[in-house]
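Residue numbers (the working numbering): 7 to 102.
Cβ coordinates follow ideal geometry from the N, Cα and C atoms, glycine included.
This structure is a prediction, so every number in the text was calculated from the model and none was measured.
Take a look at the structure below.
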Amino acid sequence: MKKAAIAGVCIVAVLALTNPDEADFREHVRQEDGIAGSLGLALTDLLSGGKGGIRRENYLVASRFYLGGDGVIPRRDLAWGIAGFFIDSRDSAGRR
7 MKKAAIAGVC IVAVLALTNP DEADFREHVR QEDGIAGSLG LALTDLLSGG
57 KGGIRRENYL VASRFYLGGD GVIPRRDLAW GIAGFFIDSR DSAGRR
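Right, dumping it as structure tokens:
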């Protein structure tokens, strides 16, 4: 029982330490979408009134990244980040 608890704590610690932040997600978008992704990020930053277009909800071992939800741009989930990887939650049209 002790070994299982220690293993669980170790897994949670590793996931928490490798949980990607907003800068990691921005870099991921730039690598995946190229110049279009960079321009899209700049445009959402401008439209959101300087608050930053990409938002992050931190769940300690994973993060959800989304756009909008501030009244100017409707909220749209983009991806989940866990252990340094991203799981895209957009379909081919860029919508959830």
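For Arg-101, collect the residues of the same chain with a Cβ closer than 8 Å to its Cβ; drop the 5 residues on either side in sequence, then sort them by chain order.
Low confidence applies here, because Arg-101 scores a pLDDT of 47, under 50, leaving its location unreliable; read the following figure in that light. Hits under 8 Å: Arg-82.
So Trp-86 packs on Ile-93, CB below 8 Å; how close in whole Å?
5 Å
Close beta carbons around Tyr-72, own chain, < 7 Å, minus the five adjacent residues each side:
Excluding positions up to five away in sequence, the list reads Arg-61, Arg-81, Arg-82, Asp-83, Leu-84.
When you compare the CB positions of Gly-40 and Asp-51, do they come within less than 8 Å of one another, or not?
no
I want to check one thing, is the minimum distance from the CB of His-34 to the heavy atoms of the ligand ADP below 7 Å?
The model depicted lacks the ligand ADP and carries no ligand whatsoever.
Looking only at its chain, what residues have a beta carbon closer than 7 Å to the beta carbon of Val-35, apart from the 5 residues adjacent to it on each side?
Closer than 7 Å at the Cβ level, and outside the excluded window around Val-35, lie Gly-43, Leu-47.
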